[in-house]
Amino acid sequence: MPKALITGITGQDGSYLAEFLIKQGYEVLGMVRRTSTINFDRIRHFQDRVTLVQGDLLDQVSLLNILEEHKPDEVYNLAAQSFVPTSWTQPVLTGEFTALGVTRILDAVRLVNPKIRFYQASSSEMFGKVREVPQSEATPFYPRSPYGVAKVYGHWITINYRESYDLYACSGILFNHESPRRGLEFVTHKITNAVARIKLGLDSELRLGNLDARRDWGYAPDYVRAMWLMLQQDAPDDYVIATGETHSVQEFCEEAFRFVDLDWREYVVQDERFMRPAEVDMLVGDPTKAGETLGWEPSVTFGDLVRLMVEADIEALKRNARVPHLDYA
Ligand code: NAP
Ligand code: F7E
């Protein structure tokens with residue numbers, strides 16, 4: 033039975049990846065950090081089928097001990113400070129988690145067992161102020177936030193460890209991917225949660241920042257399959273994972289409100305508080321290499337993604353399962 037370690041198992045992607053790997057017949061280890069309140073909402077329904085181990089990307093010894101004790105064959109490094117606005121208010125911490133954290137775990141792999149196959153969660157935010165359209169593996173980076181800068185570091189240190197130490201280390205340059213498990217601070221889930229609340233009479237407006245920003249939005253379970261495929265090839269490489277379609281935040285609103293027969297213009301209010309010091313105006317990925325080499329393609333359209341998220345939020349609210357608001361996002 034192959035064994036995989038997932039850092040960030042309590043996050044959106046970590047939870048879907050764990051379920052996917054269990055179905056593939058893996059023994060799954062999930063690294064969790066110590067918190068005063070347990071935050072296992074996304075993994076509770078399969079917690080009895082994974083082994084949780086305590087560790088932190090800030091703590092080198094914990095990483096070494098986990099690899100030595102549990103001997104995984106594959107490591108998926110998904111842990112990060114992943115919210116772009118927080119990277120301006122906590123830039124050093126973001127660099128510690130999202131940039132240097134990658135070196136800490138790569139070094140642990142190199143020292144404990146360089147045969148471990150390694151996946152790094154790189155991001156389309158590295159393209160930032162885009163140099164070409166669409167963005168592919170060959171597009172130069174121009175990050176526009178401390179988060180984007182930290183991800184560029186994580187990307188290049190992964191490539192450097194591959195080339196310096198002959199590690200099987202891959203970097204997936206994933207464009208935005210969403211689901212009902214997405215953090216409520218990200219724009220898609222913020223919108224679908226608000227649409228559900230407004231539809232059920234629990235709220236009357238939705239305050240957003242830049243409605244013109246465009247993203248290439250896919251469905252998270254499709255994207256974790258791509259992570260696994262990257263580690264099953266003959267040789268390690270880097271891949272763009274995207275749908276190839278771009279939509280604006282406004283289009284996302286239109287679609288989400290239309291689904292519940294409401295007009296978005298009656299509820300959406302633009303609010304300076306949600307504007308960023310620097311914006312990534314437009315992202316759209318070219319997933320040709322992933323299609324040709326990995327046989328990967330997305331299975332959920334933009335319209336289906338919006339609808340499944342709105343439906344899930346309405347259901348959750350009816351069960352009284354959603355928190356109301358986040359003031360800072
Ligand atoms: P997420 O929901 O924010 O999850 C992040 C995970 O990292 C959580 O499990 C969190 O644990 C953990 N974590 C944070 N700091 C840590 C530390 N110091 N030590 C150990 N664990 C730590 O993120 P996601 O959307 O699943 O994304 C997964 C990865 O892909 C991230 O690296 C993200 O930057 C990257 N990425 C995401 C997207 C996307 O569209 N979702 C696109 C490209 C790249 P707690 O639960 O304890 O906070
Ligand atoms: O913003 C605009 C905002 O926070 C998308 C992370 O997973 O994907 C994610 O980063 C766009 C931006 O995601 C609000 O200005 C408008 O242009 O959902 P987001 P992100 O910044 O693209 C990448 C690939 C990652 O790697 C990251 O980890 O939406 N926007 N109004 C807003 N965004 C938020 N959050 N809130 C608003 O009110």
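With the numbering used here, the residue at position 118 of the sequence shown is 150, and numbering never jumps.
From the three backbone atoms N, C-alpha and C, an ideal C-beta is built for every residue, glycine too.
Inset, instruction - Find the nearest neighbour of VAL181 within the set LEU199, GLU210, VAL124, ASP293, judged by alpha-carbon distance. - result: For the purposes of this step, residue 181 is taken as residue 149 along the sequence shown, with counting starting at 1. Ranking LEU199, GLU210, VAL124, ASP293 by CA distance to the CA of VAL181 puts VAL124 first.
Legend entry - Rounded C-alpha distance that separates VAL116 from GLY40: Residue mapping note: residue 116 aligns to position 84 of the sequence shown, counting from 1. Residue mapping note: residue 40 aligns to position 8 of the sequence shown, counting from 1. So the alpha carbons of these two residues sit roughly 17 Å apart.
Legend entry - Test item: CB-CB of TYR372 and HIS221 under 7 Å: The question about residue 372 has no answer, for the chain in this structure spans 33 to 361.
Legend entry - Contact test: GLN44 Cβ vs ligand 1 heavy atom, cutoff 6 Å: Taking the sequence shown and counting its residues from 1, the one referred to as residue 44 is at position 12. Of the heavy atoms belonging to ligand 1, at least one sits nearer than 6 Å to the Cβ of GLN44.
Inset, instruction - Compute every distance between the C-beta of PHE306 and the non-hydrogen atoms of ligand 2, then say whether any falls below 6 Å. - result: To locate residue 306, count along the sequence shown from 1; it is residue 274. Yes, the Cβ of PHE306 comes within 6 Å of a heavy atom of ligand 2.
Inset, instruction - Using only the heavy atoms of ligand 2, determine whether one of them is closer than 6 Å to the beta carbon of SER154. - result: Here residue 154 corresponds to residue number 122 of the sequence shown, with the count starting at 1. Checking every heavy atom of ligand 2 against the Cβ of SER154, none is found closer than 6 Å.
Inset, instruction - Spell out a yes or no on whether the stretch 226-244 and the stretch 287-302 are touching, meaning 3 or more CB-CB pairs, one atom from each, closer than 8 Å. - result: yes
Legend entry - Any non-hydrogen atom of ligand 2 within 6 Å of PHE150 CB: Position 118 of the sequence shown, counting from 1, holds the residue named residue 150. The answer is no for PHE150.
Inset, instruction - Assuming SER211 and ALA170 form a contact by the criterion Cβ under 8 Å, report the distance between their Cβ atoms to the nearest whole angstrom. - result: Translated into positions along the sequence shown, residue 211 becomes position 179. Translated into positions along the sequence shown, residue 170 becomes position 138. About 29 Å separates the two Cβ atoms, so there is no contact after all.
Legend entry - Sequence ranges, alpha helix (DSSP H) only - wholly within the stretch 194-264, length at least 4: Those alpha helix (DSSP H) runs which fall completely within the stretch 194-264 and span 4+ residues are 219-231, 252-262.
Legend entry - contact_flag[the stretch 269-276, the stretch 294-313] where n(CB pairs < 8 Å) is 3 or more: These segments do not touch.
Inset, instruction - Identify whether GLY62 lies in helix, strand or coil by the three-state DSSP scheme. - result: Counted from its first residue, the sequence shown places residue 62 at position 30. Of the three classes helix, strand and coil, the one that applies to GLY62 here is strand, per DSSP.
Legend entry - Contact under 7 Å by Cβ, ALA201 with PRO146: For the purposes of this step, residue 201 is taken as the residue at position 169 of the sequence shown. For the purposes of this step, residue 146 is taken as the residue at position 114 of the sequence shown. Not in contact: ALA201 and PRO146 (Cβ atoms no closer than 7 Å).
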